[in-house]
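Asks: Keeping their order, the protein sequence lines are chains X and Y. Position 39, counted from 1, in the first sequence is what my numbering calls 39; the numbers after and before it change by one each time, with no gaps. Start counting at 1 in the second sequence, then tack on 1000, and there's your number in my numbering.
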Amino acid sequence: MRKLQILGYSLLLLLCFCSKPNRVPDEVRVRLTSDPETLNPVSYTTAGSLQVINLLFQSLMAIDLADDKIKPALAATKPSIVQQDSLTYITYQLRPEAQWTNGSPVTAADVAFTLKVLKAPLLNNERMKPQVAFIHDIIIDKADKRKFTFVCDGFTPEMELLTGDFFILPAYLFDPEGKMEAFTVSDFAGDNSARENDEGLQNFAAHYNSAEYARSKDLLQGSGGYVITAWEQGQYLTLKRKDDWWGNHVDDNTHALTANPLQISFKIIPDNTTALLALKNQQLDVLENIPAAEFNQLKADKSFTEDYALYTPNSYEFAYIGLNSRLPKLSDKRTRQAIANLLDINSFIKVSQQSYATPTVGPVPPSIKPYYNNKLKPYSYNLQKATALLQAAGWQRKADGWFKTINGQQQQLTLEVSYRAGNTVFENAALIFQQGAAKAGIPVTVQAQEGSLFSQKAKAHDFDMFFRALSGNPFVFNFKPLFYTSYANDGANYTGFGTPESDSILDAYNVAEDDKEKARLLKRLQEILHEEAAFIALYYQKDRLAVHRRFTNLKISGLEPNYDVSSFKLQE
Amino acid sequence: MRYYLLKRLFLAIPVLWLLATLVFMLSRLLPGSYAAESILQEGNGYYAKGSAADRATAYQQYLIRTGQHLPLFYFSVSSGATPPDSLLRLLPEAAQHNLQQLAWHIGNWQEAYTFWRTLQELQLHAGPAELQALAPFLQTITTTTNVQQRVEAARAIIKYDTASPLARKLYRLALKLQQQHRLSFMIPSLRWHGTANQYHKWLTGILHGNLGNSYRDSRSVTDIIVETSANTFWIIFISMLLTTLAALELSIKLMQPRYKQWRKAVMPLLFLIDSIPLFVLALLLLVLFASPAFLQLFPVYGLGYGYGGQTRIEQITHTLPYLVLPILCLSLAHLPYLVNQFYNALSAAESMDYTRTARAKGLPYGLIIRKHMLRNALLPIITLLSDFLPALIAGSVIIETIFAIPGMGRLLVTSVQARDYPLLVAIVLVVAVAKVVSHVLADICYAYADPRIRYQSQA
């Protein structure tokens, strides 16, 4: 009798576990790998928080993932750009329909307020500040409160992109007492240490830097189509569509303003396997960055593909190898070419990416056909060529490896290959390279380095060879920070790449206006990069994601986050 | 007894202080910092979002705004050759590293700095062709530990461009440094910073009950810990309770002769479980009990939605299913070890005289175990349990990550990864306090289990 009772209770217990939470039919459930931490549109740090902020706030221009083009968002049209002396004037016109959550219009005064918040001292804005340092002042049109001009120092081709690329803040919510009205944007240009003692600014800073402006659902309300309804730290974040949002009434097709799903839930699941299980259990509607092996399993799973569609868009993220050309042993380009000839890029792709990648000759994506140099062939494994190149570079083959006299000292050609710890893709690739190099008689040690240490060593040019990934975009190809010689000393040119010709190409590209000329320059740059073999691009990845079949209008794209959740519509 | 416990608690304070201080110092020795990671990072490489100089300025402003520009401690002892913090702080991290190394090799930071500046200027003024040709020598000069090599490299630079005054200056300096007394870096130098240091600020904050704010979302560390520790506490507490009870029952059962056959089956099974790493066990449980491929009994992740306006009981019944697998996982992982220890403790008690006496009295074996053997075996068990906490917290790191439960374990990992020092130090402090409390509890339990200890401590 007692046993029966126990059995009964445990069955009851089991039954109550079987219940699944109820949900709204057109709710989209998306996974985030970590808590967004802060949703402040100025001081956010993670890709996840950016994805959420994009639904709450808007910038002047935005990327339409449907065709990967930059389109006006809060701005009515593309800006007009005038260059005068050493200044550039970029003029925007805001959409007349644009509104904040309380129904008041978005005006040029809000843009000016945003710029002040981005540029002022004492505020938690250090991450964004460098991005708008070139904006010197703002001129608001006297007749039209929706028209304004940014006054910028100098000119670079990405200025247009950068002026449209920050979220506009509502002055009425962020500064209800109007403390920032005492300042102008130009007050914060250049050295503004004197302003730090201003009491008004100090008061505003104390208020603005508080956790409220990172998390409060009452304050973090922008002109976007959604508002936060719930945020359980580390668990989930729920957004609700605004009733009758203004963006849904803008008629023309030249924008990416959408807010279709009634509710969007972001689930925070750090572990990949757990996220996959949640997907299989239909507890998630979208999952991106699925590991390649699991993706193939899902593809083969009939019952899964009935409910979910799988996509592999060409991403703009590529893997590359950096060889430290500043090291005496690697300073001869023939040595670097020899090493490049020991790279088996196809094996890397097959083993570590399960073939979800496209080999590339340089940093320009193969999918951007006009700019991609298809006359070049990616490096492939060629032992004979590598040996010949090493000999040509003055290395002598001895019983235990290759030797050369550098600066009066006998030195052996050894390589230490490093990568960011935890990256299994690069771990595999490094091991494949190690085997390939061993056949040529070059001893290679493989070393995983903790993230910060890894980037610190790269900056200090304290490495032989590393694997890294870089993410780009299809609109701007200003490779100056990566390849300009003077950026080798204190910048992102870790490999020390650079020739007089490559420098002049990078300069010429920034002033070139004609597409043909740009293509010519970029193709030549790819040739030089290939020849110098200090920065060896390996492959462009394909992203792997799954989306539930009940949604359409997904706008799958190679740009992060690979889909536009605000445009999702229920299948009819 | 009460006096004894008070004394223990009182003695724990300096230990806690020392521990927190050590963690405070050690955490700052990690390479990279939150600000450097988020502000100095180049971002994507297709175009520059701001120049390196603007980023460096913003970084300095951040350090000053958050008080991280101050020295770490009241004083610093370092090699006499180390450049002062006030100088290093103005440079990017990579340059700091290079200059420091150079200063140690040279043995005098002022001269190292002049040398380093000349080197920087030379690179700044060199054209691309020149830079390409000189790069290997420049690299040698910055990194080599060999004085002769440095001079050689400087000479090579002059050979390339005989007219350059900077190259000449560099060569002159290199020659001069050759004659330096290079052991001077062994002489330590003491620098006094006074109370304007990060440690002082942090310690006074703690004494006022303020553990600081998280670097990531500027929330008060105390709030974050209070919010997340509840989940972890319940998971650890319930699984500890379950494991202990299960281990006790199991070992008692296994002691009895009539379960001899069981012992042969259960012990190897426990060994098997023990050999499975915790994360594999967690994933195994997930795949077995939360997947449509096998049995879909439990939810996969998280703690479910809160609906608001629920009663406490509703809340508990709502979150309970989500906690079953994590708790089961943590309990299973630690069960084999505990059973083994309990079983051994009981076995040791079995060969004692009092057990034989009890048997001779004709008591049933089950009663002998519970009444006579267990009480004596309890002492090692209590010690074991009080030491159990660190293992459970280490376990909760994995469990919370896999089951997506927001708790202290996951918080610890993310705060280490993000270099969120205030949070990191506070979590370690909380764990340390829990450990001290568990030791005090163990003392009480000792006294309860063994009256002899009670009398001794009263004496």
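For each residue, glycine too, the CB sits at the ideal point set by N, CA and C.
1. Taking GLY558/X as the reference, give the member of THR149/X, LYS542/X, LEU330/X, LYS569/X with the closest Cα.
2. Does the region 68-87 of chain X touch the region 134-153 of chain X, meaning 3 or more C-beta pairs lie closer than 8 angstroms?
3. Relative to the C-alpha of GLY1366/Y, which residue among LEU1378/Y, GLU1350/Y, PRO1380/Y, ILE1381/Y is closest?
4. Among all the DSSP beta bridges, which residues are the ones paired with LEU237/X?
5. Rounded to whole angstroms, what is the Cα-Cα separation between ILE1453/Y and THR273/X?
6. If you draw a straight line from the C-alpha of ASP1161/Y to the C-alpha of ARG1155/Y, how long is it?
7. Please go through the region 1068-1099 of chain Y and give each complete alpha helix (DSSP H) segment of 4 or more residues, from N-terminal end onward.
8. Might you give, ordered along the chain, the residues of its own chain that have their beta carbon closer than 8 angstroms to the beta carbon of THR1473/Y, omitting 5 neighbours on each side?
9. Just how far apart, CA to CA, sit PRO72/X and ASN248/X?
10. Return the CA-CA distance between CYS1445/Y and SER1275/Y, expressed in angstroms with no decimal places.
11. Can you pull the chain X neighbours of GLN1315/Y, defined as C-beta to C-beta under 7 angstroms?
12. State whether the region 339-349 of chain X contacts the region 533-553 of chain X, with contact taken as three or more CB pairs (one from each stretch) at a distance under 8 angstroms.
13. Note down, in chain order, each residue of its chain lying with its Cβ closer than 7 angstroms to the Cβ of LEU1278/Y, except the 5 sequence neighbours on either side.
14. Looking only at its own chain, which residues have a Cβ that is under 7 angstroms from the Cβ of TYR1301/Y, when we skip the five neighbours before and after it?
15. Classify SER455/X: buried if its beta carbon has 16 or more other beta carbons within 10 angstroms, exposed otherwise.
16. Quick check on MET1025/Y: buried or exposed, where buried means 16 or more other Cβ atoms within 10 Å of its Cβ?
17. Name the chain Y residues that come within less than 8 angstroms of ILE269/X, Cβ to Cβ?
18. Pull up the DSSP beta-bridge partners for SER59/X, would you.
19. Please classify ALA399/X: is it buried, with 16 or more other beta-carbons within 10 angstroms of its beta-carbon, or exposed?
20. Closer than 8 angstroms by beta-carbon distance: list the chain X residues that pair up with ASP1217/Y, in chain order.
21. How would you call HIS1125/Y, buried or exposed, if buried means at least 16 neighbouring beta carbons within 10 angstroms?
22. Of the choices ALA143/X, LEU118/X, GLU126/X, PRO313/X, whose alpha-carbon is the least far from that of ASP137/X?
23. Looking at C-alpha atoms only, which residue of ALA194/X, LEU219/X, GLU126/X is the closest neighbour of PRO170/X?
24. Just to confirm my understanding: we take PHE1294/Y, look at its own chain, exclude 5 residues before and 5 after, and list those with CB closer than 8 angstroms. What are they?
25. Is GLN235/X near PRO1406/Y, with beta carbons less than 8 angstroms apart?
26. Below 8 angstroms, how does it come out for the region 323-332 of chain X and the region 438-451 of chain X: are there three or more Cβ pairs, yes or no?
27. Taking contact to mean at least 3 C-beta pairs separated by less than 8 angstroms, is the region 262-271 of chain X in contact with the region 120-131 of chain X?
28. Can you pull the chain X neighbours of GLN1100/Y, defined as C-beta to C-beta under 8 angstroms?
29. Using DSSP bridges, identify the partner residues of ASN314/X.
30. Since PRO72/X sits in a beta bridge, which residues does DSSP pair it with?
31. With 16 as the cutoff for other CB atoms within 10 Å, does VAL252/X come out buried or exposed?
32. The alpha helix (DSSP H) with ARG1191/Y in it runs from where to where?
33. Leaving aside the five residues before and after LYS1176/Y along the sequence, list all residues of the same chain whose C-beta is less than 8 angstroms from its C-beta, in chain order.
34. So what's ASN203/X in DSSP terms, helix, strand or just coil?
35. Counting along the chain, where does the beta strand (DSSP E) carrying PHE148/X start and finish?
36. What is the DSSP secondary structure of ASN1213/Y, reduced to helix, strand or coil?
Replies: On the basis of the supplied data:
1. LYS542/X
2. yes
3. Looking from the CA of GLY1366/Y, the closest CA among LEU1378/Y, GLU1350/Y, PRO1380/Y, ILE1381/Y belongs to GLU1350/Y.
4. TRP231/X, PHE266/X
5. 50 angstroms
6. 10 angstroms
7. 1085-1088
8. The displayed coordinates of chain Y run from 1001 to 1459. Any statement about residue 1473/Y would go beyond what the structure contains.
9. 15 angstroms
10. 31 angstroms
11. Listed along the chain, the chain X residues whose CB falls inside 7 angstroms of the CB of GLN1315/Y amount to none; the nearest CB is some 13 angstroms away.
12. They touch, by the three-pair rule.
13. ALA1333, GLY1395, ILE1398
14. PHE1403, ALA1404
15. buried
16. Exposed, since its Cβ has fewer than 16 Cβ neighbours within 10 Å.
17. Correct list: TYR1301, GLY1302, ALA1404.
18. PHE167/X, per the DSSP bridge assignment.
19. exposed
20. GLU37, THR38, ALA211, ALA214, ARG215
21. By the Cβ-count criterion, HIS1125/Y is exposed, with fewer than 16 other Cβ atoms from all chains shown falling within 10 Å of its own Cβ.
22. LEU118/X
23. LEU219/X
24. VAL1287, LEU1288
25. yes
26. no
27. no
28. What GLN1100/Y touches in chain X, judged by beta-carbon distance under 8 angstroms, is nothing: the nearest beta carbon there is about 11 angstroms away.
29. According to DSSP, ASN314/X bridges with LYS542/X.
30. MET61/X
31. Checking the sequence, you will find Asp at residue 252/X rather than Val. Result: exposed.
32. Counting along the chain, ARG1191/Y falls outside any alpha helix (DSSP H), though it belongs to the beta strand (DSSP E) covering 1188-1192.
33. Within its own chain, the residues whose Cβ lies closer than 8 angstroms to the Cβ of LYS1176/Y, once the five positions on either side in sequence are excluded, are GLU1111, listed in chain order.
34. helix
35. DSSP places PHE148/X in the uninterrupted beta strand (DSSP E) bounded by 147-153.
36. strand
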